[in-house]
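Remarks on the structure that follows.
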Amino acid sequence: MQSLQDRHVVVTGGTGALGTAVVDAFVSAGAHCHVPAIEKVAPPVRFADPGRVTIATDVDLSNEASVEAFFRHLPGLHAVVNIAGGFAWAPIGDSTAGVLQQQLSMNLVSCALSCRHAVANFRQAGHGGHIVNISARPALNPRQGANMTAYTASKAAVAAFTVALAEELKNENIGVIALCPSTIDTPTNRKDMPKADHATWVKPSSLAALIVAQCSLADPLDSGALIPVYGRA
Numbered sequence: 014m015q016s017l018q019d020r021h022v023v024v025t026g027g028t029g030a031l032g033t034a035v036v037d038a039f040v041s042a043g044a045h046c047h048v049p050a051i052e053k054v055a056p057p058v059r060f061a062d063p064g065r066v067t068i069a070t071d072v073d074l075s076n077e078a079s080v081e082a083f084f085r086h087l088p089g090l091h092a093v094v095n096i097a098g099g100f101a102w103a104p105i106g107d108s109t110a111g112v113l114q115q116q117l118s119m120n121l122v123s124c125a126l127s128c129r130h131a132v133a134n135f136r137q138a139g140h141g142g143h144i145v146n147i148s149a150r151p152a153l154n155p156r157q158g159a160n161m162t163a164y165t166a167s168k169a170a171v172a173a174f175t176v177a178l179a180e181e182l183k184n185e186n187i188g189v190i191a192l193c194p195s196t197i198d199t200p201t202n203r204k205d206m207p208k209a210d211h212a213t214w215v216k217p218s219s220l221a222a223l224i225v226a227q228c229s230l231a232d233p234l235d236s237g238a239l240i241p242v243y244g245r246a
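Letter by letter, the sequence shown follows residues 14 to 246 of the working numbering.
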């Protein structure tokens, strides 16, 4: 296992419920985290050690120029974790072209652009790196994506993109995997599904620990893996 002491890590979506858990886990391991935020003013997020977290504001991850500008001045990175994305509960009758394009932009395009510039950074530094993408359980079992087909399609695209990119980079010591969680135990999900058995959901801290462990591997031997993370659901 590699030490993460003073390594630099990008966490997109790092101000959300899962993202803050991931940032705190990396910081606890000694890393420095760089977090892009779409807001023009840094959101009021409480990190465990804010001194090791840099938030870049006004970053649109679906915009090529914005992503390029964010990555341009970063130091050599050890890992990039792509959590940023969006969800739409939309039965087919409500799944307009706009909904589909929105989901693809928020989930696939943001992930792909971040990966593109992450790879450029890794190549310039010359020491390889780790990419962890966040897909979803319906990407592996699309029958669970009923009534959210646009979301399911976009997360399935993230999964396919991950495997293809891993194959492309297999000789460069750059590992690329995707985690495919079931429902994550966040305040928003609890509010939206108050009658669900929250005890069976995936805990952000557990998912964060798995991500940090993946990025501590000296050899990305599981590159290309789509890893189910279902908790007890």
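Built from N, CA and C at the ideal position, the CB exists for glycine as well.
In chain order, what residues of the same chain have a beta carbon less than 8 angstroms from the beta carbon of Val40, not counting five sequence neighbours either side? Cys46, Phe60, Ala61, Asp62, Arg65, Val66
Between the alpha carbons of Ile240 and Pro233, how many angstroms are there, rounded? 14 angstroms
Could you tell me the distance, in whole angstroms, from the CA atom of Thr109 to the CA atom of Ala166? 14 angstroms
For my contact list, Ala101 and Gln116 are in at a C-beta cut-off of 8 angstroms; report their separation, rounded to the angstrom. 6 angstroms
Between the alpha carbons of Trp214 and Leu74, how many angstroms are there, rounded? Cα to Cα, the separation comes out at about 28 angstroms.
First through last residue of the alpha helix (DSSP H) which encompasses Leu126: 123-138
Go to Leu31, then tell me how far its alpha helix (DSSP H) extends in each direction, as first and last residue. 30-41
Could you name each continuous beta strand (DSSP E) segment of 3 residues or more that falls completely within the stretch 161-241, going from the start of the chain to the end? 187-194
Local conformation of Ala82 per DSSP, three classes: helix
Return yes when the Cβ of Ile224 is within less than 9 angstroms of the Cβ of Val176, no when it is not. no
With Gly142 as the anchor, note down where its beta strand (DSSP E) starts and where it stops. 142-147
Under the three-state reduction of DSSP, which class applies to Ala103: helix, strand or coil? strand
Starting from Pro49, trace the beta strand (DSSP E) in both directions and tell me its first and last residue. 45-49
Considering only residues of the same chain and omitting the five flanking positions on each side of Ala238, which have a CB-CB separation below 6 angstroms? Ile190
Cβ-Cβ separation, Ala55 to Thr70 (assumed contact under 8 angstroms), whole Å: 6 angstroms
Can you tell me whether Asn76 is helix, strand or coil according to DSSP? coil
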